[in-house]
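Each remark here refers to the structure printed beneath this line.
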Amino acid sequence: MPLDLSSRVSDLNDRYRHHGATAVLERALTDPDVGDIALVSSFGAESVALLHLVSVIDRRVPVLFIDTEMLFPETLTYQSELAVKLNLSDLRIVRARLADTLAEDPRGDLHKSNPDACCALRKTVPLQRALEGFDGWITGRKRYQGSSRQDLQFFEAEEATGRIKVNPLAHWTSEDVQDYITENRLPRHPLVSRGYPSIGCLPCTSKVEEGEDPRAGRWRGQDKDECGIHFVDGKIVRGPKPEAA
Ligand code: SF4
Numbered sequence: 001m002p003l004d005l006s007s008r009v010s011d012l013n014d015r016y017r018h019h020g021a022t023a024v025l026e027r028a029l030t031d032p033d034v035g036d037i038a039l040v041s042s043f044g045a046e047s048v049a050l051l052h053l054v055s056v057i058d059r060r061v062p063v064l065f066i067d068t069e070m071l072f073p074e075t076l077t078y079q080s081e082l083a084v085k086l087n088l089s090d091l092r093i094v095r096a097r098l099a100d101t102l103a104e105d106p107r108g109d110l111h112k113s114n115p116d117a118c119c120a121l122r123k124t125v126p127l128q129r130a131l132e133g134f135d136g137w138i139t140g141r142k143r144y145q146g147s148s149r150q151d152l153q154f155f156e157a158e159e160a161t162g163r164i165k166v167n168p169l170a171h172w173t174s175e176d177v178q179d180y181i182t183e184n185r186l187p188r189h190p191l192v193s194r195g196y197p198s199i200g201c202l203p204c205t206s207k208v209e210e211g212e213d214p215r216a217g218r219w220r221g222q223d224k225d226e227c228g229i230h231f232v233d234g235k236i237v238r239g240p241k242p243e244a245a
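Residue numbers (my numbering): 1 to 245.
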């Protein structure tokens, strides 16, 4: 009898506990207990490391890029250049449906009045739609990125959707990412050198001063440090997360 999701995830974490990022990624792409997975990437400040790791293992892995249509122009240029450089053969650009955008954010200013609703419209719902047919997804999240991520494991159960999240870089530090980028001579997002160590949508990302947390520029001044949206029993729920997301 197949194990339930949380048992499978617990078993995967036990099995790969002592593996490094590359090995976790390699095994996740072939282990039947994980199933079919896609990489979800923002093509942000540190994304190139995981994109490169995936491209070296199998450039045919589906890569989902969420274009919120609120991104920096530099991100869009970087995304298209990087996809060519890394020879990614299954890049999928994910956007909100036009009808939904016209209905919910006709003036493009929902981010000012209700950023959680904006993130749901432009990120969470399109991503869930794009992930239909996949058993799980690979993320670039890392423990060092904040208190909600400090216990991050290689494998996580997403009970609401029945999917597995794979976090191969969970144990990497910021220095590990920078070393990897340098050693492999990978191109950096052009905004990093201009004071943006973490890059999201243009209206919700500001420069970070020396000594500030790298994510301090995301939703600055708001009580928000993640999308703030999750799924419970297949429905969108806003507010505190039941688990690290
Ligand atoms: S980060 Fe800002 S602009 Fe982007 S989807 Fe969320 S609220 Fe909207």
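Note that CB positions come from ideal geometry on N, CA and C, so glycine has one too.
Buried or exposed (CB count within 10 angstroms, at least 16 for buried), PRO276: This structure leaves residue 276 out entirely; the chain is present only between 1 and 245.
For ALA216 and SER147, I'd like the C-alpha separation in whole angstroms. One C-alpha to the other measures close to 13 Å.
Apart from the five residues just before and just after GLY35, which ones in its own chain have a Cβ nearer than 7 Å to its Cβ? Cβ neighbours of GLY35 within its own chain (closer than 7 Å, five residues either side excluded): ASP135, GLY136.
Cβ-heavy atom distance between LYS142 and the ligand ATP below 7 Å? Absence of the ligand ATP is noted for the structure shown, with the ligand SF4 being the only ligands found.
Applying the 10 Å Cβ sphere with the 16-neighbour rule, what's the burial state of GLN145? Residue environment for GLN145: buried (at least 16 other C-beta atoms within 10 angstroms of its C-beta).
Compute the minimum distance between the beta carbon of THR173 and the heavy atoms of the ligand SF4, and state whether it is under 7 Å. No; taking the cut-off as 7 Å, the Cβ of THR173 has no heavy atom of the ligand SF4 nearer than that.
Among residues of its own chain, excluding the 5 on either side of THR205, which ones have a beta-carbon nearer than 7 Å to its beta-carbon? Around THR205, the same chain offers TYR196, ILE199, GLY217, ARG218 as residues with beta carbons nearer than 7 Å, after the five sequence neighbours per side are excluded.
Runs of beta strand (DSSP E) wholly within the segment 13 to 54 (minimum 3 residues, chain order): Runs of beta strand (DSSP E) with 3 or more residues, each lying fully within the segment 13 to 54, are found at 37 to 41, listed in chain order.
Whole runs of the beta strand (DSSP E) within the segment 58 to 145, excluding any shorter than 3 residues: 63 to 66, 91 to 94, 136 to 138, all fully within the segment 58 to 145.
How is the beta strand (DSSP E) around GLU156 delimited, first residue to last? GLU156: member of the beta strand (DSSP E) spanning 155 to 158, first to last residue.
Alpha carbon to alpha carbon, how far is VAL84 from HIS19? Give it in angstroms, no decimals. Distance between the alpha carbons of HIS19 and VAL84 is about 30 Å.
CB-CB under 6 Å to SER89, same chain, minus the five flanking residues each way: which ones, in chain order? Once the five neighbours on either side are set aside, the close Cβ partners of SER89 are ARG59, ARG60.
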